[in-house]
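Residue numbers (UniProt numbering): 1 to 362.
Where a beta carbon is used, it is the ideal one built from N, C-alpha and C, also for glycine.
Note that this is a predicted model, so its numbers are computed, not measured.
Shown next, in the form of structure tokens:
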């Protein structure tokens, strides 16, 4: 039993460290998930609507603290530091996560909990099952607490705290060090908008109270149709919501033609207007070249015109869904470089490139 207890300790600690690091690589992604939860709870519990919505502006802080806590607690568990306290905190944390994943699965809300960031997508019931297993394992560790000895390893726990916060701050200021999103550098967007192979379906039909499956729709009219299920789900397009338009119509395919420097300006109070001066200089330096500049925004027509006027951005603008823009760039504003639909560069406004930096990517 002692050996089993130590194996469980390393397993639980490793899972929490991995989960926390993956999310600290992109704390803005966890921020988006927390905002979704707050908005869902505000709608589902109208009596507490104002309370939940008041938490939205602080979602990024909650994201960093929660993800850093996962890493710190995981390290503390591995190095046997204050195990009694650590196990009880882990128990409280996993109960909280289990509630969130159950709520997501049962009510079909926030269908991707973001447990492992964008590195690994889990279905709601899979996430809930994972949390139940962790809950049982942590209860086992509490039960076997006398097996473990506390060690003087506080310096290692302190280092993990410093490292976690440093990683989060870097990711917030300069984009995630590792990009697991579909719009990352090297990806070809038009290709990812197509299925990797022809989609195949099976038909679930019912006759005489029995269900049967068919790869082709049966011609026997005595069968009653129940549902159609995709067989090769992994072949589905990785990108399904990238659409660009303006008042004249759809512009999606035009963004894949030639070299495009795309300025991402999302709707919201977090727009860093001061950085638009450097972006304007970059745009002006590219005039006359074969690199076309444009703006993608989720602002209203009036709002984006006001922004363009205020910062002298003489650049055509187009509209895109706000969630898509958050996925393309965690920065507001951000800079995105395409060459015939292939992503060649992504920059946070804190490290906006110059002309040479852009041309060097093509």
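DSSP on residue 179, reduced to helix/strand/coil?
-> coil
Secondary structure of residue 1, DSSP reduced to three states | coil
Under the DSSP definition of a beta bridge, which residues are partnered with residue 250?
-> In DSSP, residue 250 forms a bridge with 245.
Leaving out five residues on either side along the sequence, give the residues of the same chain with a beta carbon under 7 angstroms from the beta carbon of residue 361.
-> 337, 344 and 345
Return the chain-ordered list of same chain residues with a C-beta closer than 6 angstroms to the C-beta of residue 144, the five sequence neighbours on each side being excluded.
-> 5
Along the chain, where does the beta strand (DSSP E) that runs through residue 345 open and close?
-> 342-348
Do residue 230 and residue 199 come within 8 angstroms of each other at the CB atom, strictly closer than that value?
-> yes
Three CB pairs or more closer than 8 angstroms across the stretch 277-284 and the stretch 304-316 | With a cut-off of 8 angstroms, the stretch 304-316 and the stretch 277-284 count as touching, because enough Cβ pairs lie within range.
Answer yes or no: do residue 295 and residue 315 have a C-beta to C-beta separation smaller than 8 angstroms?
-> yes
Note the first and the last residue of the continuous alpha helix (DSSP H) segment covering residue 322.
-> 322-328
Among all the DSSP beta bridges, which residues are the ones paired with residue 297?
-> For residue 297, which the question treats as bridged, DSSP gives the partners 265 and 319.
Of all the alpha helix (DSSP H) runs that stay within the bounds of the UniProt domain "Methylamine utilisation protein MauE" (1-143), which reach a length of 4 or more residues?
-> 2-24, 27-44, 49-55, 59-78, 83-107 and 124-143
Quick one: Cα of residue 317 to Cα of residue 89, how far?
-> 49 angstroms
Buried or exposed for residue 125, please, with buried defined as at least 16 other CB atoms from any protein chain shown within 10 angstroms of its CB.
-> exposed
Helix, strand or coil for residue 337 per DSSP?
-> strand
Could you tell me whether any non-hydrogen atom of the ligand GDP is closer than 7 angstroms to the CB of residue 244?
-> Looking at this structure, you won't find the ligand GDP or any other ligand, since it has none at all.
Report yes if the CB atom of residue 24 is closer than 8 angstroms to the CB atom of residue 81, and no otherwise.
-> no
Taking residue 170 as the reference, give the member of 186, 21 and 305 with the closest Cα.
-> Ranked by how close their Cα comes to the Cα of residue 170, the residues 186, 21 and 305 have 21 in first place.
Beta bridge counterpart(s) of residue 148 as assigned by DSSP | Bridge partners of residue 148: none, in fact.
Buried/exposed call for residue 330, threshold 16 Cβ in 10 Å = buried
What residues are listed by DSSP as bridge partners for residue 157?
-> According to DSSP, which records beta bridges pairwise, residue 157 is partnered with nothing at all.
Rounded to the nearest angstrom, how far is the Cβ of residue 73 from that of residue 86, given a contact under 8 angstroms?
-> Between residue 73 and residue 86 the beta-carbon gap is near 6 angstroms, inside 8 angstroms, which marks them as a contact.
For residue 168, I'd like the list of residues in its chain whose CB is within less than 6 angstroms of its CB, leaving aside the five on either flank, ordered along the chain.
-> 24, 27 and 64
Reference residue 243; option with closest CA among 251, 162 and 206 | Nearest C-alpha to residue 243 among 251, 162 and 206: 251.
Cβ neighbours of residue 165 in the same chain (closer than 8 angstroms, five flanking residues each side left out) | Closer than 8 angstroms at the Cβ level, and outside the excluded window around residue 165, lie 64 and 68.
Sequence-distant residues of its chain with Cβ nearer than 6 angstroms to residue 111 (five each side left out) = 124
Only counting runs of 4 or more residues, tell me where the alpha helix (DSSP H) segments fall wholly within the stretch 190-238, in order along the chain.
-> Taking only runs of at least 4 residues, no alpha helix (DSSP H) segment lies wholly in the stretch 190-238.
Using the C-alpha atoms, what's the distance from residue 128 back to residue 271?
-> 36 angstroms
Please say whether residue 300 and residue 266 have beta carbons closer to each other than 8 angstroms?
-> no
Let me know the secondary structure DSSP gives residue 185 once reduced to three states.
-> coil
Measure the alpha-carbon distance for residue 118 versus residue 273 and round it to whole angstroms.
-> 28 angstroms
Under three-state DSSP, which class holds residue 257?
-> coil
Pull up the DSSP beta-bridge partners for residue 356, would you.
-> DSSP output for residue 356 lists no bridge partner at all.
Nearest chain C C-beta to residue 351 closer than 8 angstroms, yes or no?
-> This model lacks chain C altogether; it includes just one protein chain.
Cutoff 8 angstroms; reference residue 247; Cβ partners in own chain excluding five residues on either side | 301
Given a threshold of 16 other Cβ atoms within 10 Å of its Cβ, counted over all protein chains shown, does residue 136 qualify as buried or as exposed?
-> Label assigned to residue 136: exposed.
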